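Down below is the structure, laid out as structure tokens.
Number of protein chains: 2
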Amino acid sequence: MRIYEADELISQLSIDCTIFGYQEKRLKVLISQLNFKGDFLALPAGFVYQNESIDQSAHRILTERTGLKEIYLQQFWVFGEKDRNYSKFMAQLFAFNPELKPNDEMGNERLTWFSKRFISIGYYALVDINKVQLNKSGLDHSLEWYDFNELPDLIFDHNEQTSKAYRALQLNLDENLLGFNLLPDKFTMKEIQQVYEAVYDRPFRRNNFQKKMLDLGVLERLEKKYTGANNKAPYFYRLKPSTP
Amino acid sequence: MRIYEADELISQLSIDCTIFGYQEKRLKVLISQLNFKGDFLALPAGFVYQNESIDQSAHRILTERTGLKEIYLQQFWVFGEKDRNYSKFMAQLFAFNPELKPNDEMGNERLTWFSKRFISIGYYALVDINKVQLNKSGLDHSLEWYDFNELPDLIFDHNEQTSKAYRALQLNLDENLLGFNLLPDKFTMKEIQQVYEAVYDRPFRRNNFQKKMLDLGVLERLEKKYTGANNKAPYFYRLKPSTP
DNA sequence: TCAAAAGTGTTCTACTTACACCCATGG
DNA sequence: CCATGGGTGTAAGTAGAACACTTTTGA
Numbered sequence: 008m009r010i011y012e013a014d015e016l017i018s019q020l021s022i023d024c025t026i027f028g029y030q031e032k033r034l035k036v037l038i039s040q041l042n043f044k045g046d047f048l049a050l051p052a053g054f055v056y057q058n059e060s061i062d063q064s065a066h067r068i069l070t071e072r073t074g075l076k077e078i079y080l081q082q083f084w085v086f087g088e089k090d091r092n093y094s095k096f097m098a099q100l101f102a103f104n105p106e107l108k109p110n111d112e113m114g115n116e117r118l119t120w121f122s123k124r125f126i127s128i129g130y131y132a133l134v135d136i137n138k139v140q141l142n143k144s145g146l147d148h149s150l151e152w153y154d155f156n157e158l159p160d161l162i163f164d165h166n167e168q169t170s171k172a173y174r175a176l177q178l179n180l181d182e183n184l185l186g187f188n189l190l191p192d193k194f195t196m197k198e199i200q201q202v203y204e205a206v207y208d209r210p211f212r213r214n215n216f217q218k219k220m221l222d223l224g225v226l227e228r229l230e231k232k233y234t235g236a237n238n239k240a241p242y243f244y245r246l247k248p249s250t251p
Numbered sequence: 008m009r010i011y012e013a014d015e016l017i018s019q020l021s022i023d024c025t026i027f028g029y030q031e032k033r034l035k036v037l038i039s040q041l042n043f044k045g046d047f048l049a050l051p052a053g054f055v056y057q058n059e060s061i062d063q064s065a066h067r068i069l070t071e072r073t074g075l076k077e078i079y080l081q082q083f084w085v086f087g088e089k090d091r092n093y094s095k096f097m098a099q100l101f102a103f104n105p106e107l108k109p110n111d112e113m114g115n116e117r118l119t120w121f122s123k124r125f126i127s128i129g130y131y132a133l134v135d136i137n138k139v140q141l142n143k144s145g146l147d148h149s150l151e152w153y154d155f156n157e158l159p160d161l162i163f164d165h166n167e168q169t170s171k172a173y174r175a176l177q178l179n180l181d182e183n184l185l186g187f188n189l190l191p192d193k194f195t196m197k198e199i200q201q202v203y204e205a206v207y208d209r210p211f212r213r214n215n216f217q218k219k220m221l222d223l224g225v226l227e228r229l230e231k232k233y234t235g236a237n238n239k240a241p242y243f244y245r246l247k248p249s250t251p
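Protein chains in written order, with the numbering used here: chain A, 8 to 251; chain B, 8 to 251.
Below, the structure is given as structure tokens:
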């Protein structure tokens with residue numbers, strides 16, 4: 008389990024990722040249960056190698072866990088309080104995992120590294136949950152999607168981070184056409200509306216929403232979607248190829 | 008000149024500040040000429056001490072140079088490209104200042120510190136230019152206000168930073184009532200309008216602007232401002248005390 | 001009494017919201 | 001032919017832009 012390569016990493020700096028997905032009318036967030044005894048739930052996170060940009064670092068963290076290559080990713084805040092360190096987490100960790108207490112030179116060095124105050128760059132990501140192939144990194148005991156509205160207690164300030172990420176998402180969803188990142192390539196108007204309703208936690212009027220979307224001029228209407236239900240079949244849409 | 012206290016500082020991390028002021032219908036930015044031979048112009052910047060938050064660090068950098076205690080300050084972007092380092096700057100620096108080349112243990116240690124790749128957290132600040140008492144730090148040869156539209160070449164990616172700071176300012180000015188931070192406590196409607204015109208680089212209609220401002224409900228009308236000009240005297244306004 | 005600049009009211013327009021109707025689908 | 005859900009058109013309401021007019025000030 009490689010979690011410590013101090014020379015290759017920027018010290019005291021971490022990347023924390025709030026990964027949003029969408030399923031069954033719910034906004035979801037990917038949460039990792041850490042690979043230790045005790046219920047330590049956390050955002051997928053990692054450190055920055057000397058030879059990668061912070062964006063590349065965030066991409067690496069995400070690609071490792073989701074298998075996705077193309078991911079919408081956006082930095083949204085730096086968390087830099089002066090007492091922001093792992094000490095509380097590590098005290099709990101050692102209480103549940105006494106065998107992890109450092110007992111040699113190497114362990115102490117690692118402890119020193121983790122004992123320092125950390126600055127964290129918060130990223131949020133939007134993924135099509137159906138394309139994700141969850142893949143635990145060495146740090147993860149399990150990876151699981153949680154409803155954004157029913158997030159458990161996370162370590163550190165990760166609950167605060169999800170709140171701030173959510174606010175950033177709300178601010179940017181509409182203007183930057185982010186909603187489509189949460190859906191498959193082909194989707195119905197109802198589906199994209201439900202994404203909006205999940206993100207903004209309020210209903211939209213069907214007809215006005217459709218008009219607004221079509222007026223954006225970025226959607227291409229495809230064939231109808233016949234589901235076998237006894238009602239009119241909706242159209243599929245996709246982002247116009249010219250709209251990257 | 009203390010510019011290097013590696014143990015007390017977070018390594019590979021800096022804070023760069025784009026400080027906006029307003030004077031004579033112009034948006035201004037505070038630029039430092041570095042205290043070396045050669046024309047090195049830069050944003051006021053500094054590093055983060057272990058025992059201060061990143062916000063406190065930015066405040067310290069600003070307070071040192073402007074004398075102001077209360078400053079509107081906002082992080083807006085993290086610059087973290089993988090090749091983001093001082094090497095190009097230092098090559099030029101040594102060309103103009105060969106005596107700075109390290110010639111002892113201490114100098115080499117410092118060189119090592121500065122040779123690494125740096126992550127920079129960009130802050131922008133808004134100040135009342137009349138309240139500012141410019142005060143050079145040890146790093147500054149001089150401090151000067153430049154028109155935002157006529158910024159000289161700055162070291163590093165500092166020109167890019169001012170552009171990004173400017174965009175962030177435009178996005179936030181209106182919603183967060185930031186314009187008033189650029190003005191004295193008492194101001195006329197024309198003055199705040201001219202701030203807006205400077206920031207958005209376009210004219211506003213006098214009457215509509217006044218209506219919009221008053222409809223915000225945050226302004227309190229004070230006495231008239233008699234200037235001696237042969238025209239109707241405008242009112243002074245201030246932010247309502249209840250609007251912090 | 002006049003020019004300049006400030007204050008205020010009114011219309012016009014564009015966009016959002018709300019309501020209404022019609023159409024396709026499979027039972 | 002009916003219930004259900006999808007597509008579209010139109011009226012009402014609201015916010016901002018544009019225009020017009022009045023008031024104050026000192027020369």
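For each residue, glycine too, the CB sits at the ideal point set by N, CA and C.
Computed from a prediction, not measured in an experiment: that's the story for all the values here.
(request) Consult DSSP for Asn238/B and reduce its assignment to one of helix, strand or coil. (result) Reduced to three states, the DSSP call for Asn238/B is coil.
(message) Could you tell me the alpha carbon to alpha carbon distance between Leu176/A and Tyr131/A, rounded to whole angstroms?
(response) Those two C-alpha atoms are separated by around 8 Å.
(request) Go to Glu71/B, then tell me how far its alpha helix (DSSP H) extends in each direction, as first and last residue. (result) Taken as a continuous stretch (DSSP letters only), the alpha helix (DSSP H) holding Glu71/B covers 61 to 73.
(request) Report all residues from its chain with a CB closer than 8 Å to the CB of Lys76/B; omit the five preceding and five following residues, and keep chain order. (result) Cβ neighbours of Lys76/B beyond the five flanking positions: Thr70.
(request) Could you please tell me which residues of the region 43 to 57 of chain A, in chain order, have their CB closer than 9 Å to any CB of chain B? (result) Correct list: Val55, Tyr56, Gln57.
(request) Give a yes or no on whether the minimum CB-CB distance between Glu182/A and chain B is below 8 Å. (result) No - not a single Cβ of chain B is within 8 Å of the one on Glu182/A.
(message) Here's the rule: buried if 16 or more other CB atoms are within 10 angstroms of the residue's CB, otherwise exposed. What is Thr234/A?
(response) Its Cβ having fewer than 16 others within 10 Å, Thr234/A is exposed.
(message) Taking CB distances under 8 Å as the criterion, tell me whether Gly74/B reaches chain A.
(response) With 8 Å as the cut-off, Gly74/B does not count as an interface residue toward chain A.
(request) Within the same chain, show all residues whose beta-carbon is closer than 8 Å to that of Ser18/B, passing over the 5 residues directly before and after it, in chain order. (result) Cβ neighbours of Ser18/B beyond the five flanking positions: Trp120, Lys123.
(message) Taking only three categories from DSSP, how would you classify Asp14/A?
(response) Here Asp14/A sits in helix by DSSP.
(message) Measuring straight from C-alpha to C-alpha, what distance separates Glu116/A and Gln201/B?
(response) Taking the Cα positions, Glu116/A is about 57 Å away from Gln201/B.
(message) List, in chain order, every chain A residue whose beta-carbon is nearer than 7 Å to that of Leu6/B.
(response) Because chain B here runs from 8 to 251, residue 6/B falls outside it and cannot be looked at.
(request) Spell out whether any CB of chain B is found under 8 Å from the CB atom of Leu69/A. (result) Taking Cβ atoms only, chain B never reaches closer than 8 Å to Leu69/A, which makes this a no.
(request) Would you kindly check if the distance between the Cβ of Phe211/B and the Cβ of Tyr244/B is under 8 Å? (result) No. Outside cutoff.
(message) Assuming contact is defined by CB atoms lying nearer than 8 Å, are Ala240/A and Lys231/A in contact in what I supplied?
(response) Yes, these two residues count as a Cβ contact at 8 Å.
(request) Report back the beta-carbon spacing between Leu16/B and His165/B to the nearest angstrom; my notes put them in contact at under 8 Å. (result) In fact, because the Cβ distance is near 20 Å, the residues do not count as touching under 8 Å.
(request) Can you have a look at Leu146/B and say buried or exposed, based on whether 16 or more other CB atoms are within 10 angstroms of its CB? (result) With 16 or more Cβ atoms within 10 Å of its Cβ, Leu146/B is classed as buried.
(request) Please list, in chain order, all residues of the same chain as Asn104/A whose beta carbon is under 8 Å from its beta carbon, the five residues on each side excluded. (result) The residues Phe43, Lys44, Gly45, in chain order, have a CB closer than 8 Å to that of Asn104/A in the same chain once the five nearest residues on each side in sequence are set aside.
(request) Let me know if Arg72/B comes out buried or exposed under the rule of 16 or more other beta-carbons within 10 Å of its beta-carbon. (result) Counting Cβ neighbours within 10 Å, Arg72/B comes out buried, since at least 16 surround it.
(message) With three or more C-beta pairs closer than 8 Å as the rule, is the region 94 to 103 of chain B touching the region 53 to 72 of chain B?
(response) Contact between the region 53 to 72 of chain B and the region 94 to 103 of chain B is absent: fewer than 3 CB-CB pairs across the two stretches fall below 8 Å.
(message) Can you give me the C-alpha to C-alpha distance between Leu150/A and Ile26/A, rounded to a whole angstrom?
(response) Straight-line Cα distance between these residues: approximately 12 Å.
(request) Taking Val139/A as the query, report the chain B residues whose CB atoms sit under 7 Å from its CB, ordered along the chain. (result) Chain order gives no chain B residues near Val139/A, where near means a beta carbon separation below 7 Å; the closest approach is about 26 Å.
(request) Please classify Ser127/B: is it buried, with 16 or more other beta-carbons within 10 angstroms of its beta-carbon, or exposed? (result) Label assigned to Ser127/B: buried.
(request) Sort Tyr203/A, Thr169/A, Lys171/A, Glu167/A by Cα distance to Leu180/A and report the nearest one. (result) Comparing Cα positions, the closest option is Tyr203/A.
(request) Kindly indicate which three-state DSSP category Asp23/B falls into: helix, strand or coil? (result) Correct three-state label for Asp23/B: strand.
(request) Using the DSSP secondary-structure output, state which residues sit across from Arg228/B in a beta bridge. (result) BP columns for Arg228/B point to Tyr244/B.
(message) Checking 8 Å against the spacing of the C-beta atoms, do Val139/B and Leu34/B come in under that value?
(response) Not closer than 8 Å, so no.
(message) Taking the straight line between their C-alpha atoms, what separation do you get for Gly87/A and Lys143/A?
(response) Roughly 28 Å separates the two Cα atoms.
(message) I'd like the span of the alpha helix (DSSP H) that includes Val206/A, first residue to last.
(response) 196 to 207 is the span of the alpha helix (DSSP H), which, as asked, contains Val206/A.
(request) Please say whether Ile68/A and Cys24/A have beta carbons closer to each other than 8 Å? (result) With a cutoff of 8 Å on beta-carbon distance, Cys24/A and Ile68/A are scored as near each other.
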